[in-house]
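Peer 1:
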Amino acid sequence: MVEVDILKDGGISEDNTLNKAELIKLSKEDLINILINISECKKIQEDFILNISHDLRSPLNVILSILQCYKDEYKNNKKGDQCQDHIEIIKRNSYKILKLINNLIDTTKLEKKYYNMKKENLDIINLIEWNISSIDKYAKQKDISLVFDTNVEECIMAIDPEAIDRIIMNLISNAIKFSPEGSSIYINTWKSINQLTISIKDEGIGIPKEEQSTIFNRFVQSSRNKKSEHSGSGIGLDLVRYLTKAHNGSIELKSEMNKGCEFIIKLPIEKLEENEIVKNKCLNSKSKVEILEVEFSDIYL
């Protein structure tokens with residue numbers, strides 16, 4: 001068997017031990033073995049991400065549960081104010097790790113088509129409005145205004161509400177991170193005959209033109225991360241891209257340096273027959289608050 005190093009997904013690469021001339025000389029059996037080797041390596045990589053993510057997430061959930069118990073215990077105790085501050089710091093950083101793990105798991109599941117989409121016929125406009133009102137307190141910490149406009153009051157279509165939540169939260173979270181204090185973020189939706197377009201536009205530092213073609217690739221980070229206090233994993237936009245594709249939609253970026261970014265999502269307006277609908281388990285208000293805290297854990301309050 002011919003041993004080779006392979007070019008791996010996600011921008012992680014190693015030196016190839018065979019050049020083109022050597023590849024031409026390989027037998028059919030050698031080429032088959034190389035392909036098997038590549039396939040096995042990819043499977044190992046995917047299994048590793050899923051397994052290590054699970055191993056990290058489980059103890060984190062235990063830590064967060066214990067922290068919540070301590071917080072409740074000291075809630076009415078003035079002497080516990082400093083302790084509560086420390087608990088909040090630990091909790092926020094735990095959420096940051098949890099967010100990274102959740103994104104890793106979900107992008108891997110989406111890539112391998114393991115992700116279980118639970119679509120319902122829902123009013124997406126109402127869902128977006130709920131997200132904006134929930135996110136508003138995070139924007140106000142930087143004196144940033146969230147401005148919403150739509151050409152329709154209602155648009156019923158087949159969506160996975162949790163997936164749409166992740167898309168909207170992720171894009172607005174990025175906009176808040178990279179926008180100056182006192183600026184505005186504009187969220188617009190407009191409906192045509194068979195398509196809904198969602199635009200999220202900020203007045204931040206923008207993304208260089210040469211980086212825009214790879215910004216949705218996994219683990220790729222823009223140079224604007226180096227200019228900001230907020231670091232990132234390079235997974236969030238990859239997840240947004242996959243969740244958008246899972247709705248048969250598309251996403252594009254428009255940006256100029258020092259003039260901000262605009263992310264434009266286009267979703268086909270499709271509806272499910274009643275027998276196709278997979279009902280989502282309703283989230284209570286506490287669960288929704290926790291989802292927001294995880295998503296915005298890297299915006300320091």
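Here the UniProt record's numbering is used: the first residue of the sequence shown is 1, the next is one more, and so on. We put the CB at the ideal spot given by N, CA and C, even for glycine. Model, not experiment: these values are computed from the prediction.
#1: Can you tell me which residues form a DSSP beta bridge with glutamine 212?
#2: Cβ of leucine 67 within 7 Å of Cβ of isoleucine 89?
#3: Please report the distance separating the alpha-carbon of methionine 169 from that of isoleucine 135.
#4: Within the same chain, show all residues whose beta-carbon is closer than 8 Å to that of isoleucine 125, passing over the 5 residues directly before and after it, in chain order.
#5: Mind checking whether glutamate 252 and isoleucine 264 have CB atoms under 7 Å apart?
#6: Taking only the alpha-carbon atoms, compute the straight-line gap between asparagine 174 and isoleucine 34 and give it to the nearest angstrom.
#7: For cysteine 83, name the three-state secondary structure that DSSP assigns.
#8: State the beta-bridge partners of glutamate 262 as determined by DSSP.
#9: Quick one: Cα of aspartate 238 to Cα of threonine 214, how far?
#10: To the nearest angstrom, how far is it from the Cα of leucine 160 to the Cα of glutamate 120?
#11: Are the Cβ atoms of asparagine 258 and glycine 182 separated by less than 7 Å?
#12: Per DSSP, which residues does alanine 158 bridge with? Please list them.
#13: Buried or exposed for lysine 99, going by 16 or more other Cβ atoms inside 10 Å?
#14: Under the three-state reduction of DSSP, which class applies to tyrosine 186: helix, strand or coil?
Peer 2: Considering the structure as presented:
#1: Position 212 of the sequence shown, counted from the first residue, corresponds to residue 212. None, per the DSSP bridge assignment.
#2: Translated into the one-based positions of the sequence shown, residue 67 becomes position 67. Translated into the one-based positions of the sequence shown, residue 89 becomes position 89. In this structure, isoleucine 89 does not lie closer than 7 Å to leucine 67 by Cβ.
#3: Counting from 1 along the sequence shown, the entry for residue 169 is found at position 169. Counting from 1 along the sequence shown, the entry for residue 135 is found at position 135. The straight-line gap from Cα to Cα measures roughly 8 Å.
#4: Within the sequence shown, residue 125 is the residue found at index 125, counting from 1. Thr150, Val152, Glu153, Glu154, Cys155, Thr189, listed in sequence order.
#5: As a working note, residue 252 is residue 252 in the sequence shown. As a working note, residue 264 is residue 264 in the sequence shown. Yes, these two residues count as a Cβ contact at 7 Å.
#6: The residue given as residue 174 occupies position 174 in the sequence shown. The residue given as residue 34 occupies position 34 in the sequence shown. Distance between the alpha carbons of asparagine 174 and isoleucine 34: 40 Å.
#7: Position 83 of the sequence shown, counting from 1, holds the residue named residue 83. Three-state DSSP puts cysteine 83 in a helix.
#8: The sequence position of residue 262 within the sequence shown is 262, counting from 1. Glutamate 262 is bridged to Lys201, Lys254.
#9: The residue given as residue 238 occupies position 238 in the sequence shown. The residue given as residue 214 occupies position 214 in the sequence shown. For aspartate 238 and threonine 214, the distance between alpha carbons rounds to 10 Å.
#10: The count along the sequence shown starts at 1 and reaches residue 160 at position 160. The count along the sequence shown starts at 1 and reaches residue 120 at position 120. Checking the sequence shown, residue 160 turns out to be aspartate, not leucine. Pairing aspartate 160 with glutamate 120, the inter-Cα distance amounts to about 6 Å.
#11: The residue labelled residue 258 in the question sits at position 258 within the sequence shown. The residue labelled residue 182 in the question sits at position 182 within the sequence shown. Cβ distance not < 7 Å, so asparagine 258 and glycine 182 don't count as in contact.
#12: One-based indexing of the sequence shown puts residue 158 at position 158. DSSP, once it has assigned bridges, lists Asn121 as partnering alanine 158.
#13: By one-based count along the sequence shown, residue 99 stands at place 99. Looking at its Cβ environment, which holds 16 or more other Cβ atoms inside 10 Å, lysine 99 is buried.
#14: Within the sequence shown, residue 186 is the residue found at index 186, counting from 1. Strand, per DSSP.
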